[in-house]
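Working notes, beginning with the structure itself.
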Amino acid sequence: AQQVVRRRMAMRLQQSEADEENELHRGVLYHILAEATHAAPETAPAAPAAPAAPVGGGVPTPPPLRATGDGLSEAERDALRTVEGAEACFLGALVAAAPEVQRAQLARIADGKGDALASAAAGWRGRLATMDGPHRRMTCEIAVSTLRSQARKALEATAGLADALVMADGQIDPFEFAMTRMFRARLLPDVRASRKGETIAREAAAFVLHVLATFGTPERAQADRAWQAGAGKLASFGRLEALPSVNVNDLARFDEALKDLVRLPPVVKREFMEACQTVVGFDGALNETEENFLFAIADVIEATGWNAGAAPIYEN
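Take 30 as the starting number for the sequence shown in our numbering and just add one per residue.
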């Protein structure tokens, strides 16, 4: 049987004055992205009953039926095979827990996709809340795979709606980051991307590793050591230089850095993903924030064949 290794966080963020410098080295972007991870876990509601379908048919919703081995019921799998059901699942995954934000988001879905799909998205939101991180991500991957059949214009509309849902509360959490990047990378790849020069690729790789190292540890010195460990894995990049006074709070730069790595050869992409894993695993632990970052990076740079390994057990 597959063994699940329990990884424990080697260090925890302290709020004392002695740790003020370490707080500053992480910066604003860390706190925006990590807020959902450090918040108290949401109490999972009971699986909702399927709302009544409107006259003339409706969007498949997930009724609480007997689950299959992967945790999905047969009815849920049938729903995910339809475009409407897949859209409802993907958009429902981005609906917040806060009632006031949730109402605004569902109204936005209803405006863009209709009341039936908004109702189904609410049902999926409740169902996904009962899953752990890896299963929630897997379910959304199934949904995104179904949506490959849609025309680009329809996909762009869904991507725009997803962005609006994510920013309804003014912030983006690690799961939302991973899912929206997965959607665009798999269904709306940037056809204009071209292979970058060695200098650009090295700087992009260095920046991504800096972001991962900064988010992965509360202490600047340990973050530097984590970065060095990851950089040492990148033989194909030559000697990687640490970036002076790097600003890890620039989410737009993070996205652009990943795009600069899209045209790397497949073997170099796998090497880069191994370097990323080395950085986030430097403290001997892997939390859900870090794992979501790894999946987002792999999706955006199209690192096919990369496997994060067995899903860990997360701890607060």
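Where a beta carbon is used, it is the ideal one built from N, C-alpha and C, also for glycine.
- Could you give the residue range of the alpha helix (DSSP H) that holds Glu185? 181-195
- Cβ-Cβ distance between Ala235 and Phe311 below 7 angstroms: no
- Message: Starting from Phe283, trace the alpha helix (DSSP H) in both directions and tell me its first and last residue.
- Response: 280-288
- Roughly how many whole angstroms lie between the Cα atoms of Leu216 and Asn321? 19 angstroms
- Query: What are the start and end residues of the alpha helix (DSSP H) that includes Arg106?
  - Reply: 103-109
- Query: For Arg154, which three-state DSSP category applies?
  - Reply: helix
- Sequence-distant residues of its chain with Cβ nearer than 8 angstroms to Leu123 (five each side left out): Gln134, Ala191, Leu194, Val195, Glu205, Met208, Thr209
- Give a yes or no on whether the C-beta atoms belonging to Pro157 and Arg165 are separated by under 7 angstroms. In the sequence on display, residue 157 carries Leu and not Pro. The answer is yes: Cβ separation under 7 angstroms.
- Item | Pick from Val291, Glu113, Asp161, Val130 that is closest to Asp144, judged by C-alpha positions | Glu113
- Task: Just mark Gly155 as buried or exposed, buried being the case when its beta carbon has 16 or more other beta carbons within 10 Å.
- Result: buried
- Tell me whether Arg268 sits in a helix, a strand or coil according to DSSP, three-state version. coil
- Message: Can you check which of these residues, Thr318, Asn276, Leu287, is closest to Glu331 by C-alpha distance?
- Response: Leu287
- Query: Do Leu269 and Ala260 come within 7 angstroms of each other at the CB atom, strictly closer than that value?
  - Reply: yes
- Query: Candidates Phe266, Arg249, Thr111: which alpha carbon is nearest Ser178's?
  - Reply: Thr111
- Query: Does the Cβ of Asp202 have 16 or more other Cβ atoms within 10 Å, making it buried, or fewer, making it exposed?
  - Reply: buried
- Query: How long is the line joining the alpha carbons of Gly56 and Ala242, rounded to whole angstroms?
  - Reply: Reliability fails at Gly56, whose pLDDT of 43 lies under 50, so the model's placement of it is uncertain and the value that follows must be treated cautiously. One C-alpha to the other measures close to 13 angstroms.
- Item | Distance CB(Thr307)-CB(Lys262) smaller than 7 angstroms | yes
- Task: Please list the segments of the alpha helix (DSSP H) lying wholly inside the region 118-142, counting only runs of 4 or more residues, in order along the chain.
- Result: 128-142
- Message: If contacts are defined as beta-carbon pairs under 8 angstroms, then Phe244 and Ala172 qualify, I think. What distance do you get, rounded to the angstrom?
- Response: With 8 angstroms as the limit, Phe244 and Ala172 do not qualify as a contact, their Cβ atoms being about 27 angstroms apart.
- Which word fits Asp328, buried or exposed, when buried means at least 16 other C-beta atoms lie within 10 angstroms of its C-beta? buried
- Message: Report the CB separation of Val297 from His239 in whole angstroms; it is logged as a contact under 8 angstroms.
- Response: Contact flag wrong, Cβ pair sits at about 19 angstroms.
- Task: Between the Cα of Val277 and those of Val237, Arg299, Asp253, Ile138, spot the shortest distance and give me the residue it belongs to.
- Result: Val237
- Message: Please list the terminal residues of the continuous alpha helix (DSSP H) segment that includes Met302.
- Response: 295-309
- Cα-Cα separation between Ala319 and Ala252, rounded to whole angstroms: The question names Ala, but residue 319 in the sequence shown is Glu. C-alpha separation (whole angstroms): 14 angstroms.
- Message: Residues in the same chain with beta-carbon distance under 7 angstroms from Lys182, minus the five sequence neighbours each way, listed in chain order, please.
- Response: none
- Item | Whole-Å CB distance - Phe283 paired with Arg231, under 8 angstroms assumed | 16 angstroms between Cβ atoms; not a contact.
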